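Number of protein chains: 2
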Amino acid sequence: MSNILGKQSLKFEVPPYIIGTANIVGKKEGEGPLGKLFDVVGEDDLFGEETWEEAESSMQNKAASWAIDNAKLTKDQIRYIFAGDLLGQTIATSFGLLNFNVPLFGLYGACSTAGESLSLAAMTVAAGYAENVLAVTSSHFASAEKQFRYPLEYGNQRPLAASWTVTGSGAFIVSSKQGKIKISGITTGKIIDYGIKDSMNMGAAMAPAACDTIYQNLMDFSFQPEDYDKIVTGDLGYIGSDILIDLLKEKGFDISIQHMDCGKKIFDQKTQDTHAGGSGCGCSAATLSAYLLKEIEMGNLKRILFVPTGALLSTVSFNEGQSVPGIAHGVIIERCE
Amino acid sequence: MSNILGKQSLKFEVPPYIIGTANIVGKKEGEGPLGKLFDVVGEDDLFGEETWEEAESSMQNKAASWAIDNAKLTKDQIRYIFAGDLLGQTIATSFGLLNFNVPLFGLYGACSTAGESLSLAAMTVAAGYAENVLAVTSSHFASAEKQFRYPLEYGNQRPLAASWTVTGSGAFIVSSKQGKIKISGITTGKIIDYGIKDSMNMGAAMAPAACDTIYQNLMDFSFQPEDYDKIVTGDLGYIGSDILIDLLKEKGFDISIQHMDCGKKIFDQKTQDTHAGGSGCGCSAATLSAYLLKEIEMGNLKRILFVPTGALLSTVSFNEGQSVPGIAHGVIIERCE
């Protein structure tokens, strides 16, 4: 039981490596601050398909295939896939990975899926169950609006607390083969519910879960915030990020210097009008793939805590008056010296 | 890498045990052939709640809590939960397990989730990442009809190829602590698509996936069908079971003697009129918990291959003309001598 650390963390005795990654985003994301860093930016958001759902599947398919290429592997060298998305019955994943012919564990962690899939991939490789595992997730603005809010044609207004679902996918190859970047540990999140019922303010709903996971990570590893170069949340956005920093201060940790939120990073607040910021599984996955892993590889960051955050709701649960619980999965990603 | 066996299986060097289980089903399931074996049969299908979704959450909550009791553990001795259900954004799970305060990996494997959750629980325990892990899943006839077909009030007719979603939940405690029943290996399924587009004939859509996983299991372990006392599919029903047996015969294996389908077992075909048979995550999970594990514990079965099967569709994918791919996850469950 020597990998077990504290209440809800694992510190891998033999850490797995991230040896390949790829990403693809939509046009709006390509026009944002990280635009030049993405592998591929779509010319429109259909990616040559006929429906938004097929477009999302196509993104996931491409990101996964390119990540395998990037790791100089072939599909038959991938032993497991851990994958999921936001859509009901995770159809972006099922149809996106249809032709891969690789054993699949389907996941649903809402926008925390990038963290969940990387955690399980790391556990699988570190245990010696596989040499190479693929972790992939996606989201699409138009398929998510149709799923959770209104079809785009309806032209609804969005409250200022609402986030903008990122059109994007990020894929990662986790491997026992030595690389430049390792996953040294994970902190797995619990469902946290502060009773927030506003599905148009998901940042507020998810901040308590992010707080819980980050706090537990710091406790389990006996770390202070400054032991990380960045503590990266997935898609809390402007409102949720402020709440997170306040909540953690109440628990004795000030992460205001280290904190970065992918939802704030991926769009320009002044020129791109996304209200609370970016969101979706693809937000944290594409930002990790295109920006953070490059910064780690170049040595600009040495160790980060990557904490994608998910809001656990559906239109059915919302319409039936349920709250919006959150969950957040932490992954420690480090540069190998 | 000594746990790895063949193309897509693991054979655990230190097998984990199933040390506790519990189940709960609806009224109709209680009137079926396995009726007397279930832990609890609901008087109506609302289980004291106001909506079908809350009823499903309540079942999952109860089954999970009782399984922990059954294993003589408390919630704080459970290190991880692996759980999922059929509903969009798996809300039965999120709200059912809200108060557990245990790190959660949310899954979506359609009706294969009992196999997927047991596989990941076994991998986690066998790797030494946890002493005790909870695997739980559920389905509910009325929440599934509302999700995938029509609300009950509409009174729609059902084609004869349609299955009847089981109202039920099954929960399992997988542990490193020695028990009478062990999980000796797993065979993880790939997405298999034969292009079947009839969402009212899910048995036919899932049979190729069951065939693929069972075939690969027999190959990886160098087993013949008679090495198992039973080869148990989840919810192929009458049509899918016949197809499975034919498909495996074409590949050189006759499993007609060993094969049992939970969807055929849980309802009485003559008196209960469920057309193709039972289905849903709860079908295989409740049958394993109430019937199969007891048979193994009593020594009537020594080794079974448990293969829940999932149909990867949503109303959106169906309405957009997509096929219904399948997936099936195999778990070898044995009596300890």
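Protein chains in written order, with our numbering: chain A, 241 to 577; chain B, 241 to 577. Note that beta-carbon positions come from the ideal geometry of N, C-alpha and C, so glycine has one too. Quick caveat: nothing in here was measured; it's all calculated off a predicted structure.
Three or more Cβ pairs drawn from the stretch 402-416 of chain A and the stretch 514-525 of chain A lie within less than 8 Å of each other, which places the two stretches in contact. Listed along chain B, the residues sitting closer than 7 Å to A/Pro343 by beta-carbon distance are Gln248, Thr428, Gly429, Lys430. Annotation: B/Pro448 to B/Leu553 spans about 15 Å, alpha carbon to alpha carbon. At a cut-off of 8 Å between beta-carbon atoms, A/Leu347 makes contact with chain B. A/Thr427 has A/Ser249, A/Gly570 as its beta-bridge partners, per DSSP.
Residue burial annotation: B/Pro399 is exposed, with fewer than 16 other C-beta atoms found within 10 angstroms of its C-beta. In the three-state reduction of the DSSP assignment, A/Met500 falls in the strand class. By the criterion of a C-beta distance shorter than 6 Å, B/Met500 is surrounded in its chain by Lys470, Val472, once the five residues flanking it on both sides are discounted. B/Leu277 carries a helical assignment under DSSP once its states are collapsed to helix, strand and coil.
For secondary structure counted as the beta strand (DSSP E) over 3 or more consecutive residues, the stretch 521-565 of chain B holds these complete runs in sequence order: 543-547, 549-551. Around the CB of B/Pro548, 16 or more other CB atoms lie within 10 Å, so the residue is classed as buried.
By the Cβ-count criterion, B/Ile497 is exposed, with fewer than 16 other Cβ atoms from all chains shown falling within 10 Å of its own Cβ. In this chain, the beta strand (DSSP E) harbouring B/Ala323 covers 320-325. Contact residues of the stretch 404-427 of chain A toward chain B are absent (C-beta to C-beta distance below 7 Å). In the three-state reduction of the DSSP assignment, B/Ser409 falls in the strand class. Contact note: A/Met363 reaches chain B through Met363, Thr364, Ala367, Tyr369, using a C-beta cutoff of 8 Å and chain order. Within 7 Å of the CB of B/Asn243, the CB atoms of chain A belong to Gly368, Tyr369, in sequence order along the chain.
In the structure shown, A/Val365 adopts helical secondary structure according to DSSP, grouped into three states. Of the residues assessed, A/Ser462 falls on the exposed side of the cut-off, its CB having fewer than 16 other CB atoms within 10 angstroms. Looking at the DSSP output, B/Leu347 shares a beta bridge with A/Leu347, B/Gly324. Ranked by Cα distance from A/Ile495, the first of A/Leu337, A/Asn243, A/Tyr455 is A/Tyr455. Within the stretch 544-568 of chain A, Leu552, Leu553, Ser554, Val556, Ser557, Glu560, Gln562, Pro565, Ile567 place their CB atoms closer than 7 Å to a CB of chain B, listed in sequence order.
Note on geometry: alpha-carbon atoms of A/Lys420 and A/Ala367 lie some 20 Å from one another. Contact of B/Ser379 with chain A is not assigned, every C-beta pair being separated by 8 Å or more. Restricting attention to alpha helix (DSSP H) runs no shorter than 4 residues, the stretch 447-485 of chain B encloses none.
In this structure, B/Ile483 lies away from B/Ala526, with their beta-carbon atoms at least 8 Å apart.
For B/Gly270, the enclosing alpha helix (DSSP H) has its first and last residue at 267-270. Using beta-carbon distances, B/Phe335 counts as an interface residue toward chain A, with a partner under 8 Å. For A/Asp508, the closest alpha carbon among the candidates A/Ile244, A/Ser481, A/Lys268, A/Ile264 is that of A/Lys268. Setting aside the 5 residues that flank it on each side, B/Tyr320 is surrounded in the same chain by Val342, Pro343, Leu344, Phe345, Ala361, Thr364, Tyr369, Ala370, Val373, Leu374, each with a C-beta closer than 8 Å to its C-beta; the list follows chain order. Residue pairing by DSSP places A/Ala303 in no beta bridge whatsoever. Rounded to the nearest angstrom, the gap between the Cα atoms of B/Ser298 and B/Gly336 is 6 Å.
Here A/Tyr390 is exposed. Its C-beta has fewer than 16 other C-beta atoms within 10 Å. According to the DSSP assignment, B/Thr511 belongs to the alpha helix (DSSP H) that extends over 509-512. Between B/Ile567 and B/Ser249 a beta carbon distance of about 16 Å is seen, past the 8 Å cut, so the two are scored as non-contacting. At least one CB atom of chain A sits nearer than 8 Å to the CB of B/Ala350.
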